Amino acid sequence: MKQTIEVKNLSTSYYGKEALHQISFSFDTGKLIGIIGPNGAGKSTLIKSMLGLIKKDAGEASFAGMSLKKVRKQIAYVPQRAAIDWDFPILVLDAVLLGTYPKLGIFRRPSKADREWAYECLEKVGMEAHSKKQIGELSGGQQQRVFLARALAQKADFFFLDEPLVGIDVTSEEVIMNILKDLRDEGKSIFVVHHDLTKVGEYFDDLILLNKKLIKSGPVKSVLQPELMREAYEAQFSLLDTMGVFS
Amino acid sequence: MIAFYQDLLHYEFLQKALFTSIMVGIICGVIGSFIILRGMALIGDAISHAVLPGVAISYMIGINFFYGAVITGILTALGIGYINQNSRIKNDSAIGIVFSAAFAIGVILIAKANSSINLDRILFGNVLSVRSSDMWMTLIIGAIVLLTVIFFYKELLVSTFDPTFAAAYGLPNKLIHYVIMILLTMVTVASLQTVGVILVVAMLITPAATAYLLTNRLWFMIVLAALFGAISSIIGLYYSFVYNLPSGAVIVLVATALFLLAFFFSPKQGLLWRSVRTKKKTVTIQK
Numbered sequence: 001m002k003q004t005i006e007v008k009n010l011s012t013s014y015y016g017k018e019a020l021h022q023i024s025f026s027f028d029t030g031k032l033i034g035i036i037g038p039n040g041a042g043k044s045t046l047i048k049s050m051l052g053l054i055k056k057d058a059g060e061a062s063f064a065g066m067s068l069k070k071v072r073k074q075i076a077y078v079p080q081r082a083a084i085d086w087d088f089p090i091l092v093l094d095a096v097l098l099g100t101y102p103k104l105g106i107f108r109r110p111s112k113a114d115r116e117w118a119y120e121c122l123e124k125v126g127m128e129a130h131s132k133k134q135i136g137e138l139s140g141g142q143q144q145r146v147f148l149a150r151a152l153a154q155k156a157d158f159f160f161l162d163e164p165l166v167g168i169d170v171t172s173e174e175v176i177m178n179i180l181k182d183l184r185d186e187g188k189s190i191f192v193v194h195h196d197l198t199k200v201g202e203y204f205d206d207l208i209l210l211n212k213k214l215i216k217s218g219p220v221k222s223v224l225q226p227e228l229m230r231e232a233y234e235a236q237f238s239l240l241d242t243m244g245v246f247s
Numbered sequence: 248m249i250a251f252y253q254d255l256l257h258y259e260f261l262q263k264a265l266f267t268s269i270m271v272g273i274i275c276g277v278i279g280s281f282i283i284l285r286g287m288a289l290i291g292d293a294i295s296h297a298v299l300p301g302v303a304i305s306y307m308i309g310i311n312f313f314y315g316a317v318i319t320g321i322l323t324a325l326g327i328g329y330i331n332q333n334s335r336i337k338n339d340s341a342i343g344i345v346f347s348a349a350f351a352i353g354v355i356l357i358a359k360a361n362s363s364i365n366l367d368r369i370l371f372g373n374v375l376s377v378r379s380s381d382m383w384m385t386l387i388i389g390a391i392v393l394l395t396v397i398f399f400y401k402e403l404l405v406s407t408f409d410p411t412f413a414a415a416y417g418l419p420n421k422l423i424h425y426v427i428m429i430l431l432t433m434v435t436v437a438s439l440q441t442v443g444v445i446l447v448v449a450m451l452i453t454p455a456a457t458a459y460l461l462t463n464r465l466w467f468m469i470v471l472a473a474l475f476g477a478i479s480s481i482i483g484l485y486y487s488f489v490y491n492l493p494s495g496a497v498i499v500l501v502a503t504a505l506f507l508l509a510f511f512f513s514p515k516q517g518l519l520w521r522s523v524r525t526k527k528k529t530v531t532i533q534k
């Protein structure tokens, strides 16, 4: 039987103003899914409310038939880079090691094996040479790779990344996308909030197109339609057309 | 120096003072490390002022001032959170409103209720008048603080560094926040004797900030902060005793001196080395 990740009638609001209106969608597990839409469309809000990080007004999310509570430790979440204090006194390897915490539970300390596993994850993103640096000494792309390594260290089944490709170098973008594709091929489900439309076709299997409400969800081709994009992006549409997004 | 050492062997009150102020220096450094990393310096100041009405009420009904202080400290923390979450008032303004109100209530209570409470002693502390019961209380508070930080180090680290990540795997950030508030209140109460309400915030922030300039690892920052807190207490007590100066103020100034040393000479962040490095770079480029 095919398993799915489902969201039903999800609504969220900030200070009484509705941010997401009755979102519903369903995807098979083992897909690489992009969440797109204009600024303020509620892309980050969608994953945060799916993960219970902000209160939702209504609706529910299920992961391979299980509730959030049951799969919580199977979920890896990578926040936006701007949400992190990069001056924090923590070294790169120790930041990756945080990925082993969820499964350790309270009181247990990470073991030597956990440290070695964290180092392996750093190798996967090509950052092992920087393991002893303070995280703020890295470039934006390197920081993002370190946080992806932390997500890998979680050995999760579901991955949620909030704008991982914003403002990073080409090498880091390539490294990150390759790893996400590998994870997908291993059967993991990956949701990526994404705002640059030029490469969505190459990067993702499925898309969620949002603008406070769901415009369309499904395979990339069925979503990247001019009339749907116009509906989502309204004023910005003609610009997208000249950028050649639909060719 | 030798005279001070002999006095120390001789006078029990001096031993108690030294022991208590070292303990206070250590726990202020430990909790202070989390306070500055979580951007809660202003809350630290607020809680320290807000314990005043609690102290006054405790004296009035004749219980140990510890209980009253902890209760008003926590009420203040809750009040700040409540105003912040239920209005458009920003956090720093909410803190300003709540703690000054609590402090004002405390001043009136002390003035009206019982003339035997010495407001000056609570505001500025006097470590040389520490009693045995105060010393034991400080020791117990110190044990609670240190054990909590040791047992929950992992959780404190992750919820301070990346609270959203922590929440995503189910850590109760709010509970952790209030636990830190409770520890902070207890540390403040323990510090009343040595540095007093007004200067506690300096003991919370300055040694931790000094440590922050010197290391890139949280556990080492905590150890250094505790060390700097203890050193400030020892040196401060010495000068306070020898030159008959107010203990709290001297302790705080020693902590400040340590901070300035780190600020100018720290190998990684120090202003001096930074300017040397820039000069070297300029020279290389010119070559």
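From first to last, the protein sequence lines stand for chains W and F. The numbers in this note's numbering rise by one with no breaks, and the one at position 85 of the first sequence is 85. The numbers in this note's numbering rise by one with no breaks, and the one at position 69 of the second sequence is 316. Note that beta-carbon positions come from the ideal geometry of N, C-alpha and C, so glycine has one too. Source: prediction; values computed, not measured.
Pick helix, strand or coil for residue i, following the three-state DSSP scheme.
| i | result |
| --- | --- |
| ASP409 (chain F) | coil |
| LYS2 (chain W) | coil |
| GLU18 (chain W) | strand |
| ILE106 (chain W) | coil |
| ASP206 (chain W) | strand |
| VAL175 (chain W) | helix |
| THR462 (chain F) | coil |
| VAL209 (chain F) | Here chain F covers residues 248 to 534 and nothing more, so residue 209 (chain F) does not appear. |
| SER11 (chain W) | strand |
Is residue i close to chain W, meaning its C-beta is less than 8 Å from at least one C-beta of that chain?
| i | result |
| --- | --- |
| VAL497 (chain F) | no |
| LEU394 (chain F) | no |
| ASP409 (chain F) | yes |
| GLY517 (chain F) | no |
| LEU289 (chain F) | no |
| LEU484 (chain F) | no |
| MET384 (chain F) | no |
| ALA415 (chain F) | yes |
| ARG521 (chain F) | no |
What distance in whole Å lies between the Cβ atoms of residue j and residue i, which are believed to be in contact at a cut-off of 8 Å?
| i | j | result |
| --- | --- | --- |
| TYR416 (chain F) | ARG150 (chain W) | About 11 Å separates the two Cβ atoms, so there is no contact after all. |
| ARG317 (chain F) | VAL436 (chain F) | Sequence check: residue 317 (chain F) is Val here, not Arg. Right, their Cβ atoms sit about 7 Å apart. |
| SER189 (chain W) | ILE5 (chain W) | 6 Å |
| VAL426 (chain F) | LEU418 (chain F) | Going by Cβ atoms, the distance from VAL426 (chain F) to LEU418 (chain F) rounds to 12 Å, so no, they are not a contact pair. |
| LEU446 (chain F) | GLY483 (chain F) | Wrong, their Cβ atoms sit about 11 Å apart, outside the cutoff. |
| ALA458 (chain F) | PHE475 (chain F) | 6 Å |
| LEU161 (chain W) | VAL125 (chain W) | Not confirmed; about 13 Å, so no contact. |
| ILE215 (chain W) | LEU228 (chain W) | 6 Å |
| ILE36 (chain W) | LEU197 (chain W) | 7 Å |
| ALA455 (chain F) | GLY279 (chain F) | 4 Å |
| LEU10 (chain W) | SER62 (chain W) | At roughly 11 Å, the Cβ-Cβ gap does not stay under 8 Å, so LEU10 (chain W) and SER62 (chain W) are not in contact. |
| ASN211 (chain W) | ALA41 (chain W) | 5 Å |
Determine the extent of the beta strand (DSSP E) in which residue i is found, giving its start and end residues.
| i | result |
| --- | --- |
| PRO219 (chain W) | 213 to 219 |
| VAL426 (chain F) | Taken as a continuous stretch (DSSP letters only), VAL426 (chain F) belongs to no beta strand (DSSP E), being part of the alpha helix (DSSP H) at 420 to 438. |
| ASP254 (chain F) | No beta strand (DSSP E) contains ASP254 (chain F), which is instead part of the alpha helix (DSSP H) from 249 to 257. |
| PHE158 (chain W) | 158 to 162 |
| VAL447 (chain F) | Looking at the DSSP string, VAL447 (chain F) is not in any beta strand (DSSP E); the run it does join, the alpha helix (DSSP H), is 443 to 459. |
| VAL192 (chain W) | 189 to 193 |
What residue range does the alpha helix (DSSP H) around residue i cover?
| i | result |
| --- | --- |
| VAL96 (chain W) | 92 to 97 |
| PRO226 (chain W) | 226 to 233 |
| LYS199 (chain W) | Counting along the chain, LYS199 (chain W) falls outside any alpha helix (DSSP H), and DSSP gives it neither H nor E. |
| VAL501 (chain F) | 494 to 512 |
| GLY141 (chain W) | 140 to 153 |
| LEU366 (chain F) | 366 to 371 |
| TYR119 (chain W) | 112 to 124 |
Are the C-beta of residue i and some C-beta of chain F separated by less than 8 Å?
| i | result |
| --- | --- |
| GLN134 (chain W) | yes |
| PHE107 (chain W) | yes |
| LYS73 (chain W) | yes |
| LEU138 (chain W) | no |
| TYR14 (chain W) | no |
| TYR119 (chain W) | no |
| LEU161 (chain W) | no |
| LEU20 (chain W) | no |
| PRO89 (chain W) | yes |
| TYR203 (chain W) | no |
| ILE84 (chain W) | yes |
Uninterrupted beta strand (DSSP E) stretches inside the stretch 23 to 85 of chain W (no shorter than 3 residues): 32 to 36, 58 to 63, 75 to 78
My parser needs the alpha helix (DSSP H) runs of 4 or more residues fully inside the stretch 284 to 354 of chain F; what are they? 288 to 308, 312 to 332
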